[in-house]
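Down below is the structure, laid out as structure tokens.
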Amino acid sequence: MFDGFLSVMKQGGPDMWILLTLSIIVVAIVIERLVFFSSQHGDTKGLLRAIGAKIAADDLDGAKRICQENKGMLPRILEFGLARGEKNRADITDALSIALVEHLNSLERNLGVVGTIAVIAPFVGLAGTVLGIIRAFQDIALKGNSSPAVVAAGVSEALITTFAGLVVAIFAVIFFNYFKTRIKVYNQEMIVAANQLAEMLHFHNTGSPIPTELYQPSTSST
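Counting in the working numbering, the sequence shown runs from 1309 upward without gaps.
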């Protein structure tokens, strides 16, 4: 099996090694991003309910402990806001906005590399195609005929690199769009959670009761 792989790589020419390197980079980033997203907090509503209950009980330290006990970026952002819980709503909102922007960079880490590879992989494959065709014409010129046996090697090289470039590009595009969609959804959840925390802290600081719909799911009677 390994010999067959080496044979294909050799047949495809030097561009195949470039495409292999690009594919390894993409796979490594995809695995790292999957692990990263699996480590994020998954129950945003549950986290807000627990924090809101502590704030309603005038227990900001307890709310901070809840954030510290949970993994992921969202608890860190909410803890950042709770640390400024005594400030006015505008200051709390500004602080949370800064924390959100800082963590957004973590969400998008290395995705630019995946997007770039998705764009350039077909061109690398196309370059191999052109080289293969050039080789085929050179063989024709050297041998003085255009029989299938003469041009087979060059055409084979052209087809292999084209196919490999498309495979790498398709894989990269699929995961680039998947992660972009996941980032958009998670970022929206964090923005909503940060705004709800700012509102809960505002009610707490003004001495008003915190509306339970801010941190508890609404229930409808049937």
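Ideal Cβ placement from N, Cα and C applies to all residues, glycine included.
Tell me the DSSP secondary structure of residue i in three-state form.
i, result
"Thr1329", "helix"
"His1349", "coil"
"Ile1468", "helix"
"Thr1489", "helix"
"Pro1519", "coil"
"Gly1321", "coil"
"Thr1424", "helix"
"Thr1541", "There is simply no residue 1541 to check, as the chain begins at 1309 and stops at 1530 in what is shown."
"Ala1501", "helix"
Count the other C-beta atoms from every protein chain shown that fall within 10 angstroms of the C-beta of residue i, then say buried if there are 16 or more, exposed otherwise.
i, result
"Glu1387", "buried"
"Leu1450", "exposed"
"Phe1487", "buried"
"Lys1492", "exposed"
"Asp1323", "buried"
"Phe1431", "exposed"
"Gly1360", "buried"
"Thr1489", "exposed"
"Ile1425", "buried"
"Ala1364", "buried"
"Arg1417", "exposed"
"Ile1270", "The requested residue 1270 does not occur in the structure, where the chain is confined to residues 1309 to 1530."
"Ala1398", "exposed"
"Ile1518", "buried"
In chain order, each alpha helix (DSSP H) run of at least 4 residues that lies wholly inside the segment 1353 to 1421: 1368 to 1377, 1381 to 1390 and 1397 to 1415
Just checking, does the segment 1504 to 1516 make contact with the segment 1473 to 1485 on the three C-beta pairs under 8 Å criterion? no
Quick one: any contact between the segment 1333 to 1352 and the segment 1371 to 1380, if contact means 3 or more CB pairs under 8 Å? yes
Do the segment 1413 to 1425 and the segment 1329 to 1337 touch if we need at least three Cβ pairs shorter than 8 Å? yes
Validate contact between the segment 1396 to 1414 and the segment 1434 to 1447 using beta carbons, cut 8 Å, 3 pairs: no
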